[in-house]
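Worksheet for the structure shown next.
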Amino acid sequence: PLICNDLSLLPPALIVVGECDPLRDDGIAYAERLRRDGNAVELADYPGMVHPFFSMGGAVDAGRRAVTQAGGTLKRVFSGR
1 PLICNDLSLL
11 PPALIVVGEC
21 DPLRDDGIAY
31 AERLRRDGNA
41 VELADYPGMV
51 HPFFSMGGAV
61 DAGRRAVTQA
71 GGTLKRVFSG
81 R
């Protein structure tokens with residue numbers, strides 16, 4: 001998506017990154033582009049977390065919180081709030 005000219009028609013987004021994720025900077029850049037193009041975007045940057053932490057909810061508290069945050073965002077977006 002970062003190489004697209006126009007991101008204005010994309011839906012609201014939650015971008016979840018971990019501090020130690022090698023793709024963190026790309027996630028932040030994507031969130032900034034979405035904002036610049038007028039999209040509603042929330043950036044969640046989890047301190048000390050690595051790339052796959054989101055799928056490690058069974059062992060890592062931050063993973064559970066990120067999944068809960070994503071679920072709450074989906075619920076809010078689909079309910080129109």
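In the working numbering, the protein residues as written are 1 to 81. Glycine included, each C-beta is placed from N, C-alpha and C at the ideal position. Predicted, not measured: the structure shown is a model, and the values here were computed from it.
Where residue i falls: helix, strand or coil (DSSP)
i	result
Ala62	helix
Glu32	helix
Pro11	coil
Gly57	coil
Val50	coil
Per DSSP, cross-strand counterpart(s) of residue i
i	result
Val17	Asp45
Alpha-carbon to alpha-carbon, residue j and residue i
i	j	result
Ala40	Leu34	7 angstroms
Gly58	Arg64	7 angstroms
Tyr46	Phe53	9 angstroms
Gly27	Val60	21 angstroms
Met56	Leu9	32 angstroms
Ala29	Ser79	28 angstroms
Cβ-Cβ distance between residue i and residue j below 9 angstroms
i	j	result
Leu43	Val67	no
Ala70	Leu14	yes
Leu7	Asp37	yes
His51	Cys4	no
Arg31	Met49	Per the sequence presented here, residue 31 reads as Ala, with Arg not at that position. No, they are not a contact pair.
Pro11	Val77	yes
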